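Position 254 (the sequence shown) corresponds to 247 in the working numbering; numbering is contiguous. Glycine is no exception: its CB is placed at the ideal position from the N, C-alpha and C atoms. Only a predicted model underlies this, so the values are computations on that prediction, with no experimental measurement involved.
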Amino acid sequence: MQGARQEGGPGSEYAFLRFSFIFQLDSADWWRISFHRSCSEPFQNSRERMFISRVGLLVLSGLAVLSAFGCSSPEVPADVVFIGGSVWSGVPGEPMAEALAVKAGFVQAVGTEREVRALRGRGTEVVRLNGRMVVPGFIDSHTHFIPGGFQLSSVDLRDADSREEFGARIVRFMRGLEPGKWIVGGDWDHEMWGGELPNKGWIDGGTLSNPVFVSRLDGHMGLANSLALELAGITGSTPVPPGGEIVLDPETGEPTGILKDEAMGLVSRVIPEPTEEELDKALDDAIGYALSMGVTQTHHMGSWGDLETFRRARADGRLKMRVYSVVPISPWERLRDFVEANGKGDDYLWWGGLKGFVDGSLGSTTAWFYDSYTDDPGTSGLLTTDTASLRRWALAGDEAGFHLIIHAIGDRANDWLLGVYEEAVQRNGPRDRRFRIEHAQHLSPDAIGRFSDLGVIPAMQPYHAIDDGRWAEKRIGPERIKTTYAFRSLLDAGASLSFGSDWTVAPMDVRQGLFAAVTRRTTDGANPDGWVPEERISLEEALTAYTWGSAYAGFMEGKVGRLEFARYADLVVLSKDLFA
């Protein structure tokens, strides 16, 4: 199973989250229900409008995904019916049903098996679930999707648990590369070997001919080898960019190779840009991987170049899932001009969100807190963006009608951003904004109620809780962890919770996210009753956050996120009823 953990972690308690095939097919076969006609064309017979081809309905990693698109009519026989299992529709008050019918890519009916069987016609495809469960397609509300596609074929350091293993993996990966080729990716976690930061000396001896810049899994610091530092012109006297840090050896005054937040750009800017062909392949790989995880829609936090990559895929017919492509907040005027020329997209691919950053991350000790770090009293974090500039961009972008989607992790960062959002409402007047705070990890007690009061969506990634929970108390102490990853408190206060993964920072596997939200058992097995167990939520609440909650966070809740009449039939089949 992808991302399986040792006993006590995801994959043990929730063994029922294994996915399985809904068709008896070889695992190499990919299937999709595809539709030819537009919504304006008249219905004829169901088989004319539908064919089954080996492009899309993924049967990978023991999971089947149906992500179908089109138009519907309840007066004619269904194209596909799902019977003999259960359906979790996500509809409040009546979430459970026995069967489901699909017409031309839309949900035609959800109800009893008798009701759905009545919709069968001569050409209807009958899918017998045999006790399996249908749920809405999962919506991952926070990914770095195209970098994730590249990471699938990059060096993997996520579970490297020693200095020796860290270096050995990089050297092994380099052996297949031509001299001068950059080694990037990585996703390492120094907490895996006790918390010591790596340095260039760990890898220099084995990487003399290839520049290396591998990132920590949170993306807020990276390690460069000496060749990469040389190519970037970084020395002990290099000016530090605002919002960043060049870590220096206290004895020699020379860079150790660790660069944090904005300082990472000193190396990133000298790494050759990928070609269009490389970008397209990374996207195709990411789509295949996401569908294998049951993810039928994602909100991508990326660049303008990424948006163009998505648009090429949309034009070429390669975009097999829905994507909300979010672009940088600076300069926000670029989005204004782009929308004037191109509109805001369609139900496959859309834009209109502005992504900004207040602070860094807890793991890199760059999240912005009121008080200093317990294990590093010399710092309380840093601002990755000048607050005056970020405030100005946010207020102007909001006035222009765009969707503010801003990263904040520390308690001080969250409070500051909530204040900016409140100011935007006061200055620009009421409207349906759906402000988002990405991560919303470490909150002051007073902040929790403000999310609901201001209509701010906490867009959170539950796996972070059981990963960071291994060491978070060491970093910020026992008092501040009480309002860390406060899923329960935010829901009880009336906030609309949205879940995602932050892939590749964390695994995309929704099973692990559900496990994290419901049990809060840390990945090291040290918290069998849950880390900060008061913040656990129910399975139904977690499923809602991964479906309707994330649809709402992307202004798509009227079309996806629940299985009910006239919504798109984006759905996933699980191996059994999760609630049985």
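Original post:
Closest by CA to Ala401, which one among Glu118, Ala102, Met549, Tyr478?
Top reply: When each option's Cα is compared against that of Ala401, the closest is Tyr478.
Original post:
Of the residues Gly124, Gly173, Gly160, Gly178, which one's Cα is nearest the Cα of Ser146?
Top reply: Closest by alpha carbon: Gly178.
Subject >> Sequence-distant residues of the same chain with beta carbon closer than 7 Å to Arg311, five excluded per side >> reply: Correct list, in chain order: Asp277.
**OP:** Have a look at the DSSP bridge pairing and note the partners of Thr477.
**Re:** Looking at the DSSP assignment, Thr477 forms a beta bridge with His435.
Subject >> Counterpart residues of Lys348 in DSSP-defined beta bridges >> reply: Bridge partners of Lys348: Pro321, Ile398.
Original post:
Hey, quick one: how far does the beta strand (DSSP E) through His293 stretch, first residue to last?
Top reply: Taken as a continuous stretch (DSSP letters only), the beta strand (DSSP E) holding His293 covers 288 to 294.
**OP:** With a cut-off of 8 Å on the beta carbons, I'd call Thr497 and Asp180 a contact; round off their distance for me.
**Re:** Correct: roughly 6 Å between the Cβ atoms.
Original post:
Under the three-state reduction of DSSP, which class applies to Glu87: helix, strand or coil?
Top reply: DSSP places Glu87 in the coil class of the three-state scheme, outside both helix and strand.
Original post:
Candidates His435, Glu431, Asp391: which alpha carbon is nearest Tyr414's?
Top reply: Comparing C-alpha distances from Tyr414 to each of His435, Glu431, Asp391 shows the shortest one belongs to Asp391.
Subject >> Terminal residues of the alpha helix (DSSP H) in which Val449 lies >> reply: Annotation: Val449 is outside any alpha helix (DSSP H) and is labelled neither H nor E by DSSP.
Original post:
Using a threshold of 7 Å, is the CB atom of Leu536 nearer than that to any non-hydrogen atom of the ligand SAM?
Top reply: Ligands displayed in this structure: none; no statement on the ligand SAM is therefore possible.
Original post:
Taking only runs of the alpha helix (DSSP H) that begin and end inside the segment 461 to 530, which ones reach a length of at least 4 residues, in chain order?
Top reply: 465 to 473, 480 to 485, 503 to 512, all fully within the segment 461 to 530.
**OP:** Please report how far the alpha carbon of Glu271 lies from the alpha carbon of Tyr363, in whole angstroms.
**Re:** The straight-line gap from Cα to Cα measures roughly 43 Å.
Subject >> Beta-ladder partner(s) of Pro248, from DSSP >> reply: Paired residues: Leu241.
Original post:
Assuming Pro243 and Leu222 make a contact with CB atoms under 8 Å, what is their CB distance in whole Å?
Top reply: Contact flag wrong, Cβ pair sits at about 18 Å.
**OP:** Out of Ser437, Leu532, Gly493, state which residue places its alpha-carbon closest to the alpha-carbon of Glu472.
**Re:** Looking at the Cα atoms, Ser437 is the closest of the given residues.
Original post:
Does the Cβ of Gln419 have 16 or more other Cβ atoms within 10 Å, making it buried, or fewer, making it exposed?
Top reply: Exposed, since its Cβ has fewer than 16 Cβ neighbours within 10 Å.
**OP:** Sort Asn192, Thr228, Arg165, Phe206 by Cα distance to Gly199 and report the nearest one.
**Re:** Selection Asn192, Thr228, Arg165, Phe206 evaluated against Gly199 yields Arg165 as nearest (Cα-Cα).
**OP:** Have a look at the DSSP bridge pairing and note the partners of Phe206.
**Re:** In DSSP, Phe206 forms a bridge with Val177, Ala217.
**OP:** Go to Phe166, then tell me how far its beta strand (DSSP E) extends in each direction, as first and last residue.
**Re:** First-last for Phe166: 156 to 167, but that is the alpha helix (DSSP H), not the beta strand (DSSP E).
Original post:
For Val119, which three-state DSSP category applies?
Top reply: If DSSP states are grouped into helix, strand and coil, Val119 belongs with the strands.
**OP:** Closer than 7 Å by C-beta to Val103: which residues in its own chain qualify, once you throw out the five before and the five after it? Chain order, please.
**Re:** Here the set comprises Val80, Ser82, Ala90, Leu93, Leu556, Glu557.
Subject >> Minimum C-alpha distance to Ile459 - residue among Ser494, Gly487, Ala440 >> reply: It is Ser494.
**OP:** If I'm right that Thr117 touches Asp72 with Cβ under 8 Å, what's the distance once you round it to whole angstroms?
**Re:** Their Cβ separation, rounded to whole angstroms, is 7 Å, which keeps Thr117 and Asp72 in contact under 8 Å.
Original post:
To the nearest angstrom, how far is it from the Cα of Pro234 to the Cα of His213?
Top reply: In this model, Pro234 and His213 are separated by some 14 Å (Cα to Cα).
Subject >> Span separating the alpha-carbon of Leu190 from that of Phe159 >> reply: One alpha carbon belongs to Leu190, the other to Phe159, and they sit about 11 Å apart.
Original post:
Thinking C-beta only, is Tyr366 closer than 8 Å to Thr358?
Top reply: Taking 8 Å as the Cβ cut-off, Thr358 and Tyr366 qualify as a contacting pair.
Subject >> Burial state of Thr228 (16 or more Cβ within 10 Å) >> reply: The residue is exposed, with fewer than 16 neighbouring Cβ atoms inside 10 Å.
Original post:
Using CA coordinates, which residue listed in Ile76, Glu108, Asp154 is at the minimum distance from Gly124?
Top reply: The shortest C-alpha to C-alpha distance from Gly124 to any of Ile76, Glu108, Asp154 is the one to Ile76.
Subject >> Cross-strand partners of Leu276 (DSSP beta bridge) >> reply: Beta-bridge analysis with DSSP links Leu276 to no other residue.
Subject >> Rounded Cβ spacing between Leu252 and Gly236 (contact assumed at less than 8 Å) >> reply: Wrong, their Cβ atoms sit about 12 Å apart, outside the cutoff.
**OP:** Give the straight-line distance between the Cα atoms of Lys589 and Asp133, rounded to the nearest whole angstrom.
**Re:** With the chain represented from -6 up to 573, any question about residue 589 goes unanswered, as that position is not in the structure.
Original post:
If we call anything under 8 Å between Cβ atoms a contact, is Gly442 one with His396?
Top reply: No, they are not a contact pair.
**OP:** State the Cα-Cα distance for the pair Pro88 and Phe572, rounded to the nearest angstrom.
**Re:** Roughly 11 Å separates the two Cα atoms.
Original post:
Taking the continuous alpha helix (DSSP H) assigned at Trp81, which residues delimit it?
Top reply: Premise fails: Trp81 lies in the beta strand (DSSP E), 79 to 81, not in any alpha helix (DSSP H).
Original post:
Looking only at DSSP bridge pairs, what is Trp195 linked to?
Top reply: Beta-bridge pairing links Trp195 to no other residue.
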